[in-house]
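Each residue of the sequence shown is one higher than the last, beginning at 105 in my numbering.
Glycine is no exception: its CB is placed at the ideal position from the N, C-alpha and C atoms.
Read the structure below first, then the notes.
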Amino acid sequence: MTPTIDPLFEPLQLGAIALSNRIVMAPMTRSRAAEGDVPTDLHVAYYRQRATAGLIVTEGVQPSAAGKGYCRTPGLHTPQQVAAWRRVTSAVHAEGGRIVAQLMHAGRIASHHNKQADTVAPSAVRASGKIFTDAVGPAGFDMPRPLRLDEIPGVIREYAQAAVLAREAGFDGVELHGTSGYLPMQFLATNTNLREDAYGGSAENRRRFMVEVLQAMSAAIGADRVGLRIRPASPYNDVTDAAPLETYSGLLDAVSPLKLAYLHIMRSPLPTLDAFAMARRHFAGPLILNDGFDGGDARQALRAGQGEAVSFGRHFIANPDLVRRLRENAALADFDPKTLYTPGTAGYTDYPCLP
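Take a look at the structure:
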């Protein structure tokens, strides 16, 4: 009798990036960076502990000072940040892991209490809600300054330069954060993009920014080291779209010819929009699926051919040895929500592994 192969533990090639298994650590903001938005020894330990994942996608990393949103988030636009990230990537590689930097420009999801740079967006539309700051606690989002048409190429170049710096820092590639209401999604969505120029109006114009960012990053480091993460129709951070199926199927049709390393696709909150099936129809490359999986659900999705890999987010917080636990079908520990974004080791690097 032929033993059943566990699909989670088959090797996988994502563009130029070779994975030892199909378990991906999803990006998660943890707010532990030091002054200057520099990663620290804590980041080295945190990512090293989880390096048995086939691929780690880092927390969102600013491609520029203007891209910073939340307090204590790391950047990738200064020599000090590059040097600090090099220690992280070296630690992950020493454990046999692979790691990409998720490039996240927060756009209007920002507060001047967390940074000195401008808060910019496609249009002057303030997001509802609040953001945490170390200075005053919860604060309202800034009213963003709309980017001038002549400024947009500069923002795109910042993404490309951050991709170059990521490779200098030892990352195996980069992932564009295209969801959660941040700058690329702000250009894409109808309620946040009120422009009347080449970057607004039609679905083709609204996706132009994201497509051009991906083109620029691909030209800078090779498309086979660039990924994209989206969640169609996500309402997070006060974003809505009048026709999400048209918007996202058109986006994927436009980026598929780039031959990116992968598409990191999250389940849509709209029950009428099957994001995984849409991605299969409109994106020709490998899919990393994200849907709040446990081990059984993840295996089922891979066996059904819905994607090539699966990503786990919060399971990786309290289970640094998640890969081993999935292999052995061991119980998973719960994380402490009170320490998700607090400085220090508590709830970050102090979760135990199996004996």
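*asked:* Considering only DSSP beta bridges, list what Ile334 is partnered with.
replied: Position 230 of the sequence shown holds residue 334. Bridge partners of Ile334: Ile369.
*Cβ-based neighbour list, Pro250, same chain, cut-off 6 Å, excluding 5 preceding and 5 following*: Position 146 of the sequence shown holds residue 250. For Pro250, where only same-chain residues beyond five positions count, the Cβ hits under 6 Å are Ser227, Ala228.
*asked:* DSSP three-state label for Gln117, please.
replied: Indexing the sequence shown from 1 puts residue 117 at position 13. In the displayed model, Gln117 falls within a strand according to three-state DSSP.
*Within the chosen definition, does the stretch 414-431 reach the stretch 152-159 through at least 3 CB pairs nearer than 8 Å?*
At 8 Å Cβ cutoff, the stretches touch.
*Ends of the beta strand (DSSP E) at Asn297?*
Counting from 1 along the sequence shown, the entry for residue 297 is found at position 193. For Asn297, no beta strand (DSSP E) encloses it, and the DSSP letter there is neither H nor E.
*Identify, in the order they occur along the chain, each residue of the same chain with its Cβ nearer than 8 Å to the Cβ of Tyr303, setting aside the five sequence neighbours on each side.*
By one-based count along the sequence shown, residue 303 stands at place 199. Apart from the 5 residues on each side of it in sequence, Tyr303 sits with its Cβ closer than 8 Å to the Cβ of Pro226, Leu253, Ile256, Phe291, Asn297, Asn309, Arg310, Arg312, Phe313 in its chain, given in chain order.
*What is the DSSP secondary structure of Leu318, counted as helix, strand or coil?*
Taking the sequence shown and counting its residues from 1, one reaches residue 318 at position 214. Here Leu318 sits in helix by DSSP.
_Run of the beta strand (DSSP E) containing Pro242, from where it starts to where it stops_ = Walking along the sequence shown from the start, residue 242 turns up at place 138. Start and end: 241-244.
*Taking Cβ to Cβ, would you say Met382 is nearer than 8 Å to Thr283?*
Along the sequence shown, read from residue 1 onward, the residue named residue 382 stands at position 278. Along the sequence shown, read from residue 1 onward, the residue named residue 283 stands at position 179. Not closer than 8 Å, so no.
*Pairing CB atoms from the stretch 347-364 with CB atoms from the stretch 383-401, are three or more of them under 8 Å?*
Enough Cβ pairs lie closer than 8 Å, so yes.
*Using the C-alpha atoms, what's the distance from Val259 back to Ala137?*
As a working note, residue 137 is residue 33 in the sequence shown. As a working note, residue 259 is residue 155 in the sequence shown. Rounded to whole angstroms, Ala137 and Val259 show a C-alpha spacing of 23 Å.
_Any contact between the stretch 431-443 and the stretch 144-155? By contact I mean 3 or more CB pairs, one from each, below 8 Å._
Contact check between the stretch 431-443 and the stretch 144-155: fewer than three CB pairs, one atom from each, fall below 8 Å, which does not count as touching.
*Asn125 versus Val427: straight-line alpha-carbon distance, rounded*: Here residue 125 refers to the residue found at position 21 when the sequence shown is read from its first residue. Here residue 427 refers to the residue found at position 323 when the sequence shown is read from its first residue. Taking the Cα positions, Asn125 is about 9 Å away from Val427.
*Uninterrupted alpha helix (DSSP H) stretches inside the stretch 366-428 (no shorter than 4 residues)*: For the stretch 366-428, whole alpha helix (DSSP H) runs of length 4 or above, ordered along the chain, are 379-386, 399-407, 419-422.
*Determine, using beta carbons only, whether Gly331 and Ala365 come nearer to each other than 8 Å.*
Numbered from 1 along the sequence shown, position 227 holds the residue referred to as residue 331. Numbered from 1 along the sequence shown, position 261 holds the residue referred to as residue 365. It is a contact, given that the beta carbons lie within the stated cut-off.
*Taking the alpha-carbon positions, what's the Ala195 to Trp189 distance?*
Residue numbering aside, residue 195 sits at position 91 when the sequence shown is read from its first letter. Residue numbering aside, residue 189 sits at position 85 when the sequence shown is read from its first letter. Their backbone Cα atoms lie some 10 Å apart in a straight line.
*Completely contained alpha helix (DSSP H) runs for the stretch 231-292, where each covers 4 or more residues*: Look at the stretch 231-292 and you find these whole runs of alpha helix (DSSP H), each 4 residues long or longer: 256-272, 287-292.
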